[in-house]
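Q: First the structure, then my questions, so here it is.
This is the structure:
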């Protein structure tokens, strides 16, 4: 099961996703703007931040998985617990823990950090827009 897919869907729908026992990913809107050297106009995008202190299970992610997979909530919760355990195991071993197309989690200076990957910063409304050179 592709749990990172459901996390990505939650970020698109409500700008946050809690991974129970691990933390939460929050997406913030960034309006269109210029690069530092003012040579390109960048399309709107989003930034994604990881908050390890937000570990409490709000039930949303498990509920979406249960509904989509047509399984009991308890089974979805167990799948999510296994997913979280696998991520924590990888992180503790010093590996990058992948979150699909969103990016990955890793341990840096004793803290879990999120590193986004390319497409995770796109917002659905700006899909296909590219930077425009400015003269």
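Numbering (my numbering), first residue to last: 755 to 889.
Positions of the beta carbon are idealized from the N, C-alpha and C atoms, including for glycine.
Fair warning: this is a prediction, and the values are worked out from it, not measured in the lab.
1) Runs of 3 residues minimum, wholly inside the region 788–828: which ones carry the beta strand (DSSP E) assignment?
2) Touching or not, the region 825–839 and the region 773–781, by the rule of three or more beta carbon pairs under 8 Å?
3) Please identify the residue among 844, 835, 781 whose C-alpha is closest to the C-alpha of residue 809.
4) Can you tell me whether DSSP reads residue 830 as helix, strand or coil?
5) Quick one: what's residue 786 bridged to in DSSP?
6) Here's the rule: buried if 16 or more other CB atoms are within 10 angstroms of the residue's CB, otherwise exposed. What is residue 788?
7) Determine the burial state of residue 843: buried for a count of at least 16 other Cβ atoms within 10 Å of its Cβ, exposed for fewer.
8) Since residue 760 contacts residue 815 with CB under 8 Å, what's their CB separation in whole angstroms?
A: The relevant details are as follows:
1) 794–796, 799–805
2) yes
3) In the chain shown, residue 809 corresponds to position 55, counting from 1. Checked all of 844, 835, 781; the closest Cα to residue 809 is 835.
4) In the chain shown, the residue the question calls residue 830 occupies position 76. Reduced to three states, the DSSP call for residue 830 is helix.
5) In the chain shown, the residue the question calls residue 786 occupies position 32. For residue 786, which the question treats as bridged, DSSP gives no partner whatsoever.
6) As a working mapping, residue 788 is identified with position 34 in the chain shown. Result: exposed.
7) Taking the first residue of the chain shown as 1, we reach residue 843 at position 89. The residue in question, residue 843, is exposed, as its Cβ has fewer than 16 Cβ neighbours within 10 Å.
8) The count along the chain shown starts at 1 and reaches residue 760 at position 6. The count along the chain shown starts at 1 and reaches residue 815 at position 61. The pair is a contact, with the Cβ atoms about 6 Å apart (cut-off 8 Å).
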